[in-house]
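Those sequence lines, one after another, are chains A and B.
First residue of the first sequence: 1, per full-length UniProt numbering; consecutive thereafter.
First residue of the second sequence: 1, per full-length UniProt numbering; consecutive thereafter.
Even for Gly, the Cβ is constructed at its ideal location relative to N, Cα and C.
All values derive from a computational prediction rather than experimental measurement.
2 protein chains.
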Amino acid sequence: MPRVGMMALRMDALVNATIEQIGRKGSLDVTVSQIAKAAGVSSALAHHYFGSKDELFLAAMRAILSEFGAEARRELARASTPQARLSAIVRASFGGQNFRPEVVAAWLNFYVLAQTQPQAARLLAVYQRRLVSNLTHALRPLAADPTTAARTAAALIDGLYIRHALASAGPPDAATAIATVERYLALAIGDRS
Amino acid sequence: MPRVGMMALRMDALVNATIEQIGRKGSLDVTVSQIAKAAGVSSALAHHYFGSKDELFLAAMRAILSEFGAEARRELARASTPQARLSAIVRASFGGQNFRPEVVAAWLNFYVLAQTQPQAARLLAVYQRRLVSNLTHALRPLAADPTTAARTAAALIDGLYIRHALASAGPPDAATAIATVERYLALAIGDRS
DNA sequence: CTTTTTGTTGATTGACCAGTCAATTAAAAA
DNA sequence: TTTTTAATTGACTGGTCAATCAACAAAAAG
């Protein structure tokens, strides 16, 4: 039943299935066949559209990263004060689609992938630079040393992420994670409330 | 040349080779043959002593964890004040054998392993509980909310770890990492220096 | 000196999997 | 209607790898 325009549909389904399978299994050790089956197509089709397993992984990474970027832009659009911008960045990190268990688990695995795949490393570096840059920008009018505070906050966010990847038992507690980062930011700003 | 007492020697060599290979490759995707060759023995011997690849991985994890514990005990023994205890814990996290690039890279991969291997998850949970407990204990006389500060510091340490796992270019900058955590702790304690 | 124990490996097996290819279907274009 | 083109797959291949096993070597025990 070859209807034209299937390509975008199939690629989307395959990318989502990739994230879901990596997340569910908690490992990059998923076969193309498993992913394809989860997407409802044959493994040959996955190779047809993506060329290789690595490309499929990279596409999944890009999907997560761009979803994160979109969420961040959405939240930042509502923020006018520097404090609100900080909150927006933090909420984007732990909110919406970005904090679903499979996504967090996949995220952790992409860190591993970045150790071998130069492309994956590049993507991750872009994300990290953007996060630190957003934080620095928002902190500039507030903190004595915006750069250091931003780097610390970024590391804290990453740390909370992987802690959540492990604590797979129980629901992903976004509220606590957000509160933890915001408490740190309040300290760094010198807020004595 | 079967001299008695080889067992302990070989097992040590295999465990070290496992850490080194996982670290070098940046992935759990290392073959038993590669590890065995790096240890100077046959793959059959690795299976003879450890039974399975998983057991070998777990032994490597235990080695890293117990090295970390030893370092922590060593540093804590020199500390008398609560402040010194905090410093000791932070230094143990980023000092000595624990911050070599291969070890950090292997560490990241053990996080991934813990998502599938219940044993690995257990080991990691023990380490995390001990870290938070040590930090809480040292923070009790210093901070208003020792538990929260300890959890935050632990997440920060983990975050800095994986950031270093990625920034494989350049030397592992322990000093900066230590300074970052101590700066946070100073804030959390309410130090206004 | 013989026997046992310990250490060690090459060869093999059984399973799995990424990637290829030729063939098939049906929609769309000519 | 005929032809082209997009979508799709089953079957296959070449390669890899964990785990097993039977056999061998040499030290230690008797």
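CB-CB under 7 Å to residue i, same chain, minus the five flanking residues each way: which ones, in chain order?
i              : result
residue 196(B) : The displayed coordinates of chain B run from 1 to 193. Any statement about residue 196(B) would go beyond what the structure contains.
A46(B)         : L14, V32, I35, A36 and L56
S93(B)         : I157
S42(B)         : A36
G95(A)         : E71 and A174
Could one say the Cβ of residue i lies closer than 8 Å to chain B's Cβ atoms, at least one of them?
i       : result
T31(A)  : no
G159(A) : yes
A114(A) : yes
I162(A) : yes
Under 8 Å, do residue i and residue j count as touching if we go by C-beta distance?
i       : j       : result
A72(B)  : V15(B)  : no
L185(A) : A154(A) : no
A105(B) : A114(B) : no
D54(B)  : Q117(B) : yes
L135(A) : M61(A)  : no
Y111(B) : L108(A) : yes
L139(A) : L187(B) : no
A70(A)  : I19(A)  : no
Using a cut-off of 9 Å between C-beta atoms, extract the partners of residue i located in chain B.
i       : result
L124(A) : L166
Since residue i meets chain A, which of its residues come closer than 9 Å, beta carbon to beta carbon?
i              : result
Y184(B)        : T152, L156, Y184, L187 and A188
residue 195(B) : As shown, chain B starts at 1 and ends at 193. That puts residue 195(B) outside it, with no answer to give.
Quick check on residue i - is its C-beta less than 8 Å from some C-beta in chain A?
i       : result
G95(B)  : no
N134(B) : no
N109(B) : yes
T180(B) : yes
I35(B)  : no
Which residues in the same chain as residue i place their Cβ atom closer than 6 Å to its Cβ, once the five residues preceding and following it in sequence are excluded?
i       : result
Y127(B) : L65
H164(B) : V104 and P172
L142(B) : P82 and I189
E75(A)  : A88, R91 and A92
P146(A) : T136, L139 and R140
Q21(A)  : V30, Q34, I35 and A38
So which residues on chain B does residue i lean against when the C-beta distance must stay under 7 Å?
i       : result
L142(A) : Near L142(A) there are no residues of chain B at all, since even the closest Cβ is about 14 Å away, more than 7 Å.
S27(A)  : V112, Q115 and T116
Within a Cβ cutoff of 8 Å, which residues of the same chain sit near residue i, ignoring the five residues on either side of it in sequence?
i       : result
E182(A) : L86, S87 and V90
R10(A)  : A39, V41, L45 and Y49
A144(B) : G190
So which residues on chain A does residue i lean against when the C-beta distance must stay under 7 Å?
i       : result
S52(B)  : What S52(B) touches in chain A: nothing, since even the nearest Cβ is about 16 Å away.
A105(B) : Q115
Output, in chain order, the set of chain A residues within a Cβ distance shorter than 8 Å of residue i.
i       : result
A121(B) : L166
For the region 23-40 of chain B against the region 177-184 of chain A, do three or more pairs of beta-carbon atoms, one drawn from each stretch, fall closer than 8 Å, so that the two count as touching? no
Decide yes or no for the touch test of the region 144-161 of chain A against the region 145-159 of chain B: beta carbon pairs closer than 8 Å, at least 3 of them. yes
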